[in-house]
Structure formats: C-alpha cells, structure tokens
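Visitor: The opening position of the first sequence corresponds to residue 3 in this note's numbering, with each subsequent residue numbered one higher.
Every residue gets a Cβ at the ideal spot worked out from N, C-alpha and C, and that includes glycine.
Structure below; questions to follow.
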Amino acid sequence: MEFEIEKVLPNGLGRVGEIKTAHGVIKTPAFLAVGTRGYVRFLSAADLAEIDVQAMLCNGYHLRRQAPGIAKFGGLAKVPAEFWQAESINGKGEDASASVIAAGIWQGPTVTDSGGFQVMSLGSGLGKVVSMEKERHVTNTAHKERLAHVTEKGVEFVDPFDGRPDFIGPEESMQIQCQIGADIHMSFDELTSLADSYEYNIEAMERTERWAKRSLAEHLKHRDDLGYRQNLYAVLQGGRWEDLRRQTARNLAKMQIEGIGFDGFGLGGAFLKEDLGEILRWCDEELPMEKPRHLLGLSHPDDILIGAEMGADTFDCVAPMREARHGKIYTRDGNFNLRKMADSGEPLEKNCDCSTCAAGWTRGGLRAMWRSGEAEQKAKYYNLASAHNLRFIVRLTEEIRQSMLRGDFDEYKKDFLARYNAGVI
RNA sequence: GCUGGAAUCGUCUAGUGGCAAUGACAAGAGACUGUAAAUCUCUCGGCUUCGGCCUUCGUAGGUUCGAGUCCUACUUCCAGCA
C-alpha cells in the first residue's frame, strides 16, 4: 500500500492524498461505506458505484465465523454474491438484502475493523446509545450485565444473537482479518466510554498499546497469505486527555517489530463533539505525516469537516444509512424527518446528484413506501433513502477534497456549515 | 315482525361492579456516529399552580357508596327465522 500526499492545508494537518491498495485507489479525504457483515445493507455494488463510494468497511467481529470461508475464495473482494445471499438468510433472517446482493457485491478496496468497538458496545456501553451528546450523563453498564468482559488476553463475550460464549484477542482478530483479506486492518483495541475515568483510560490505553504490538506481530505472519499485501493500522485511544492522546500517538508511531511498523493509524474513541477537533489535533501532531489515518465511526458533516481539517484521511460510519432507514434525510439546508412529508411532491433535496433524486422520487412517495408496512416496499425505500444519505456524505468528502486542492477549504467549511446549520427545511 | 348477538379514544381491540379505561395499528415529537439498530424513547379525551380537577365506553333512565361492566326502554348494526 502506498500513500501519496498531494497537498497539505496551511495548518500542517489536513491533506489531500491517494491511498493505493491492491484493490484500487482511494482518493482522500474519503468516506467509506459500512458493510459490517460483508455487504452494504440495501445497496448493491452498482448502487455503490453510482454513489462513487471508493471503499467499504466490514467488521472482523461480525465475520469471524465466515472468515475461513472468505479466505477460500481469496478474500473479501472475490467472494461471490451467492455466498452472501446464503449468509443473509441466516441469523434472524430479517436482513432481506438478498436481492440487492444478487445485483453484485463490492470488489474494490476494503477495510476491516478489529471488533474493538464491540468491546464497548457489548460491554460498558451495552444497551446504550453511543451518542456524543448524551453519553456525558450516562454511567457504564453494570459489570455483571455486560455481554463482554476485558482481560489482558482479550475479550470474552456472549454472542447477542445466539448466546454462545466466544473470545477474541489481538491474535484472533488478526487471524480473522487476514482471512477476510481486506486491504486495511485495524489493531485490536479497547474503546472506552465517556463514563470511564482518567485512571481507567490509562489502563485501557496501555492495554490497547500492548494489544497493538501483539496485533502487529500476528499480522506480520499472515499479511501476505492471500497473495497480496494486507495492511495494518494501529488504533489510538486515550479518551479526552491530551497527555494520553499524545503519548499513545508517539508510542504507536514508533512501535516496530523487526523494523516494521504500522501502515497507518486509526483514530478511535468516544468523543464529545466540542472536543473532537482538539483531540484529533493532539493525535495528528504526533503521528508521522506520511502515514494515512482513519477516523473511526464518525460521519455527521461537522465531524467530517473538523476531521478532515485536523488530518483524518478516511472516515466510516453507520449513521447516514441507519438514519435514512429511520426517516432522517440529509440535505444541504439541514436534515428533516420524512414522517412529516406525507403531502410533499418535492424531491428529497433540490439539485441533488444522487440517483434517488435524479429518478424523480418525491418525499411523499418515499414516505408512503417507508410506512407501507410491506417488506418489499420498505426495502425499496431503504435502498433509495440510503443511497441519498450516503451520496450526501460522499459528496461532502469530494467537495472537501476539491476545496483543499483549490486552496479555499476554510471558506468552503464556513459556507457549508452556515447553510447546513440554518436548517431552512 | 320474531329470536339471538353486538355497539369502547381515527381504526381494530381488552375489559363482566372500584377505570380516564388494555393492547395493536395509524398519527405526532425526539433520538441514532468503528451496526445487539427496517431500532429505541416519549405523546396520543380536556384542563392543570403536576397535587389533582373535569368530561367520557350508542341514547335516556334506573339499581348501587360506586356502572364501560347489572336492570329497563329506545336507536343502529349483524346473524337466524318469518
């Protein structure tokens, strides 16, 4: 993998670049579509191409049982649609994306998460919303209620769907990810919640660093197993404390095994919105300029703008598509809830270049589809609304890239946010 | 015309003496950020100083401390018989 920087912002952090992987190029800043279970829910490969998605992020935790099967095909990009169709019928059987999958699956660059997020979502944050606004007043889930428990070795957890006990540590995560064969992997980390103390964040961060070293060691054993080079990013934790963030960034930046270090860095953690920019600045001032950085799990426009400004190259997040499914539609003039649009003959967004708006779908029509109660109609709505919201965020990253190349990023950011926050709709 | 059965908050529905009254849907408001998420929370008779107050279960009476619930009559609907 190569990372080429084309231009750097005057602040010395934000940049425009290209990540060249075995499966294609990612022009950064870029937003990656999330396909947790190996495919993007309700969107086909053709849809993703139409949206100009450049890469997909899947999750090693969710794919842990399929990983050996994926390896047999030669990695994520070579898995045939039939495989995912069969998989999607399993589980709760509700993920009726089968017809969408049949239309083709993603074959471009891919990223996998390590399962580190599940440490928190099944552990201290079980049953809670991982919200930037709300979590400040939320306490951690009681220890005995958690589905995941952290030890030095790794994480013991119970599968929330079938109740089976399981275990993932750094070695397991790397083995899984190297079987899945994404171009970029994440080291196995412990994501803390905003409710955790400074002292606990030190403990978790230091453990995450030890896990990073073990991740690197295991990754190096398997990174060429599928016949092309797979890459590993080290994930940074450290909560909202400057000393921790800078320290862990320095530690991970210089971490090597036999002269080989990480290929890039994952910026992790639970953030309060107002802290995000500062925290990213602390991290990125310490990290080597020439390595790419992925900001994990954020996608609201203001977060992407601040992330790109502070030096994040790629982003991923479930929000655009989950919120689309829940009726929240993104537009340049703010978001709106489709529920109140029963009589609207307007498109989701005027002058939008997404396929849904181009096809002439109206808000009222989409709302009727969404609320019809018929699975097929709803699935169609999920496809159309997901395409719109995803295109909105992808377009935002494209425009950020263009503005950085032109040299007017600050102005672009100011104008975008002024209009977006005015919320005319 | 006779005999049964039924009428409850937009719709369907629970309720057979302590009820402003169950559940579902619809409707309305909010949430959602490395997917336990086609999910979750709240509202859904009116007023309220949030302690309550008022008006409600087809209509009108009655029994009762108390009636959606029991009784009588009426109205409407359904089924069967003429």
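1) Buried or exposed: histidine 328, going by 16 or more other Cβ atoms within 10 Å of its Cβ?
2) Please classify tyrosine 202: does DSSP put it in a helix, a strand, or coil?
3) Excluding five sequence neighbours on each side, which residues of the same chain lie with their C-beta closer than 7 Å to the C-beta of tyrosine 200?
4) May I ask which residues mark the beginning and end of the beta strand (DSSP E) holding valine 132?
5) Under the three-state reduction of DSSP, which class applies to lysine 94: helix, strand or coil?
6) When the Cβ atoms of the segment 395-409 are set against those of the segment 60-70, are three or more pairs found closer than 8 Å?
7) Less than 8 Å separating the beta-carbons of serine 357 and leucine 45?
8) Where does tyrosine 235 fall in DSSP's three states?
9) Beta-carbon separation of threonine 210 and methionine 122 under 8 Å?
10) DSSP beta-bridge partners for isoleucine 338?
11) Which residue from Asp345, Met312, Gln404 and Ile308 puts its Cα closest to that of aspartate 286?
12) Should serine 133 go down as buried or exposed, given a rule of 16 or more other Cβ atoms within 10 Å for buried?
13) What number of angstroms, rounded off, separates the C-alpha of cysteine 354 from the C-alpha of alanine 24?
14) Identify whether aspartate 115 lies in helix, strand or coil by the three-state DSSP scheme.
15) For a test of the three-state rule: what should DSSP assign to alanine 150, helix, strand or coil?
16) Is arginine 295 near leucine 269, with beta carbons less than 8 Å apart?
17) Which residue wins for smallest C-alpha separation from glutamate 508, given the options Ala47, Trp372 and Thr30?
18) Mind reading off the beta-carbon distance from alanine 32 to threonine 333? Whole number of angstroms is fine, and I expect it under 8 Å.
19) With a floor of 4 residues, list each alpha helix (DSSP H) that falls wholly inside the segment 22-55, ordered by position along the chain.
20) According to DSSP, asparagine 61 sits in a beta bridge with which residue or residues?
21) Exposed or buried, what is arginine 231 when buried is set at 16 or more other beta-carbons lying within 10 Å of its beta-carbon?
22) At which residues does the beta strand (DSSP E) containing isoleucine 7 begin and terminate?
23) Would you mind listing the alpha helix (DSSP H) stretches within the segment 263-350 that are 4+ residues and don't spill past its ends, in chain order?
24) Below 7 Å CB to CB, which residues in the same chain sit around leucine 246 once its five sequence neighbours on both sides are set aside?
25) Beta-carbon within less than 8 Å of lysine 275's beta-carbon, same chain only, minus the 5 sequence neighbours each way: which residues are those?
26) So the alpha helix (DSSP H) isoleucine 178 belongs to, where does it begin and stop?
27) Is it buried or exposed for glycine 93, if we count other Cβ within 10 angstroms and need 16 for buried?
28) Compare the Cα-Cα distances from valine 55 to each of Ile308, Gly37 and His139 and report the closest residue.
29) Determine the contact status of glycine 309 and leucine 282, defining contact as a CB-CB distance below 8 Å.
30) Once the 5 residues before and after valine 140 are set aside, which same chain residues still bring their CB inside 7 Å of it?
31) State the start and end residues of the unbroken alpha helix (DSSP H) segment that holds valine 396.
32) Going straight from the alpha carbon of isoleucine 178 to that of leucine 78, what length do you get?
33) How would you label asparagine 423, buried or exposed, when you count the other beta carbons within 10 angstroms and need 16 or more for buried?
34) Roughly how many angstroms lie between the CA atoms of glutamate 8 and arginine 408, to the nearest whole one?
35) Would you identify the three-state DSSP class for methionine 188, choosing helix, strand or coil?
36) Report the three-state DSSP secondary structure of isoleucine 103 (helix, strand or coil).
Guide: Taking the definition as stated:
1) Counting from one through the first sequence, the residue named residue 328 turns up at place 326. Label assigned to histidine 328: exposed.
2) As a working note, residue 202 is residue 200 in the first sequence. If DSSP states are grouped into helix, strand and coil, tyrosine 202 belongs with the helices.
3) In the first sequence, the residue the question calls residue 200 occupies position 198. So the qualifying residues of the chain are Trp243.
4) Here residue 132 is taken as the residue at index 130 of the first sequence, counted from 1. Valine 132 -> no beta strand (DSSP E), and no H or E assigned at all.
5) Position 92 of the first sequence, counted from the start, is the residue given in the question as residue 94. The predicted model places lysine 94 with a pLDDT of 42, which falls under 50 and marks its position as unreliable, so this point remains unresolved.
6) no
7) As a first step, residue 357 is located in the first sequence; it is residue number 355 there, counting from the start. As a first step, residue 45 is located in the first sequence; it is residue number 43 there, counting from the start. The answer is no: Cβ separation not under 8 Å.
8) Position 233 of the first sequence holds residue 235. Three-state result, tyrosine 235: strand.
9) In the first sequence, residue 210 corresponds to position 208, counting from 1. In the first sequence, residue 122 corresponds to position 120, counting from 1. If you check the CB distance, threonine 210 and methionine 122 do not come in under 8 Å.
10) To locate residue 338, count along the first sequence from 1; it is residue 336. Looking at the sequence itself, residue 338 is phenylalanine, so the reference to isoleucine does not match. Partner(s): Ile331.
11) Within the first sequence, numbered from 1, the residue matching residue 286 stands at position 284. Checking every option, the nearest Cα to that of aspartate 286 belongs to Met312.
12) Mapped onto the first sequence, residue 133 falls at position 131. Exposed is the call here.
13) Position 352 of the first sequence, counted from the start, is the residue given in the question as residue 354. Position 22 of the first sequence, counted from the start, is the residue given in the question as residue 24. Whole-angstrom Cα-Cα distance: 32 Å.
14) Working through the first sequence from its first residue, we reach residue 115 at position 113. Under the three-state reduction of DSSP, aspartate 115 is assigned to strand.
15) Position 148 of the first sequence holds residue 150. Strand.
16) In the first sequence, the residue the question calls residue 295 occupies position 293. In the first sequence, the residue the question calls residue 269 occupies position 267. Cβ distance < 8 Å, so arginine 295 and leucine 269 count as in contact.
17) With the chain covering only 3 through 427, there is no way to say anything about residue 508.
18) Working through the first sequence from its first residue, we reach residue 32 at position 30. Working through the first sequence from its first residue, we reach residue 333 at position 331. Incorrect: roughly 21 Å between the Cβ atoms, too far for contact.
19) Within the segment 22-55, the complete alpha helix (DSSP H) runs of at least 4 residues are 47-53.
20) By 1-based counting over the first sequence, the position of residue 61 is 59. In the DSSP output, where bridge partners are listed per residue, asparagine 61 has Asp115.
21) The residue given as residue 231 occupies position 229 in the first sequence. Looking at its Cβ environment, which holds fewer than 16 other Cβ atoms inside 10 Å, arginine 231 is exposed.
22) The residue given as residue 7 occupies position 5 in the first sequence. It spans 4-10 - the beta strand (DSSP E) in which isoleucine 7 sits, taken as one unbroken run.
23) Unbroken alpha helix (DSSP H) runs of no fewer than 4 residues, entirely contained in the segment 263-350, are found at 278-288, 303-311 and 321-327, following chain order.
24) As a working note, residue 246 is residue 244 in the first sequence. Excluding positions up to five away in sequence, the list reads Asn203, Ile204, Met207 and Gly240.
25) For the purposes of this step, residue 275 is taken as residue 273 along the first sequence, with counting starting at 1. Counting only Cβ-Cβ distances below 8 Å, and skipping sequence neighbours, we find Met134, Glu135, Asp304 and Asp305.
26) Position 176 of the first sequence, counted from the start, is the residue given in the question as residue 178. Unbroken alpha helix (DSSP H) run through isoleucine 178: 172-182.
27) Start at 1 with the first residue of the first sequence, and residue 93 comes out as number 91. Annotation note: pLDDT 43 at glycine 93 (below 50); position unreliable, coordinate value reported separately. Taking all protein chains in view, the Cβ of glycine 93 is surrounded by fewer than 16 other Cβ atoms within 10 Å, so the residue is classified as exposed.
28) Along the first sequence, one-based indexing puts residue 55 at 53. When each option's Cα is compared against that of valine 55, the closest is Gly37.
29) For this step, residue 309 is matched to residue 307 along the first sequence. For this step, residue 282 is matched to residue 280 along the first sequence. For the 8 Å CB-CB criterion, glycine 309 and leucine 282 form a contact.
30) Here residue 140 is taken as the residue at index 138 of the first sequence, counted from 1. The answer, listed in chain order, is Lys130 and Ala197.
31) Along the first sequence, one-based indexing puts residue 396 at 394. 377-408 is the extent of the alpha helix (DSSP H) around valine 396.
32) To locate residue 178, count along the first sequence from 1; it is residue 176. To locate residue 78, count along the first sequence from 1; it is residue 76. So the alpha carbons of these two residues sit roughly 12 Å apart.
33) Here residue 423 corresponds to residue number 421 of the first sequence, with the count starting at 1. The residue is exposed, with fewer than 16 neighbouring Cβ atoms inside 10 Å.
34) Here residue 8 refers to the residue found at position 6 of the first sequence. Here residue 408 refers to the residue found at position 406 of the first sequence. Put simply, the backbone Cα of glutamate 8 is about 12 Å away from that of arginine 408.
35) The sequence position of residue 188 within the first sequence is 186, counting from 1. Residue state, collapsed to three classes: strand.
36) What you label residue 103 is simply residue 101 of the first sequence in a count that begins at 1. Helix at isoleucine 103.
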